[in-house]
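Note sheet for the following structure.
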Amino acid sequence: VFSGWIRLGALPLGTPGRASGPGGSGAPCASRDDWRCAQSMHEFSAKDIDGRMVNLDKYRGFVCKTDVNYTQLVDLHARYAECGLRILAFPCNQFGRQEPGSNAEIKEFAAGYNVKFDMYSKICVNGDDAHPLWKWMKVHAIKWNFTKFLIDKNGCVVKRYGPMEEPLVIEKDLPCYL
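Using full-length UniProt numbering, read the sequence shown as starting at 1 and increasing by one per residue.
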């Protein structure tokens with residue numbers, strides 16, 4: 001049984017993205033060591049579920065959500081993708097070992113739900129090995145799987161939802177950002 005992803009309307013495994021920081025220098029900003037200087041999620045990179053590095057700047061201009069409860073998120077994606085919603089799924093095995101599978105196993109499981117949104121490689125969200133994006137997004141430790149973040153079109157976190165909140169609760173906040 002699959003359970004437990006941390007999703008973000010935005011990102012995984014600690015390599016720097018190339019994005020313009022203040023002043024448009026184009027210098028890498030969101031690496032494992034200097035993530036604090038990031039101004040938005042667009043300055044990060046992450047490995048997708050197939051192991052390819054993705055520059056998260058590709059989400060510039062879109063409203064993003066991170067988390068996954070497959071049935072509800074597939075529904076949200078189907079209804080709001082054309083309006084600019086992007087859902088990014090980041091598996092994490094730090095919570096009760098709920099995500100022990102390989103990336104290939106996770107991808108196969110998600111396919112059973114007809115997932116069309118972007119899926120990323122398994123990451124850590126807490127501790128020293130946490131992906132830089134997650135260090136940047138959170139103020140407090142992630143307590144359990146299914147913590148969700150809503151990120152605006154500028155790449156900034158605008159809301160955090162707890163693990164017990166159903167993904168559809170986010171729907172009421174979407175009109176303000178789409």
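Glycine residues also receive a C-beta, built at the ideal position from the N, C-alpha and C atoms.
DSSP, reduced to helix, strand and coil, places residue 122 outside both helices and strands of the structure shown, so it counts as coil. Residue 138 and residue 84 have their C-alpha atoms roughly 23 Å apart. For residue 53, the uninterrupted beta strand (DSSP E) run begins and ends at 53-55, by DSSP. For the set 160, 37, 168 and 142, the Cα lying nearest the Cα of residue 96 is the one of 142.
Counting along the chain, the unbroken alpha helix (DSSP H) around residue 76 starts and ends at 70-80. The Cβ-Cβ distance between residue 98 and residue 124 does not fall below 8 Å. For residue 85, the enclosing beta strand (DSSP E) has its first and last residue at 85-91.
Beyond the five residues adjoining it in sequence on each side, residue 110 comes within less than 7 Å, by CB distance, of 70 and 119 in the same chain, given in chain order. For residue 133, the uninterrupted alpha helix (DSSP H) run begins and ends at 132-137, by DSSP.
Annotation for residue 109: the continuous alpha helix (DSSP H) segment containing it runs 103-111. Residues of the same chain with a CB within less than 7 Å of the CB of residue 167, apart from the 5 flanking positions on each side, are 67, 69, 72, 73, 76 and 148 in chain order. DSSP places residue 50 in the coil class of the three-state scheme, outside both helix and strand.
Rounded to the nearest whole angstrom, the C-alpha separation of residue 113 and residue 37 is 37 Å.
Residue 176 sits in a helix when the DSSP states are folded into three classes. Residue environment analysis places residue 176 among the exposed positions, since fewer than 16 neighbouring C-beta atoms fall within 10 angstroms of its C-beta.
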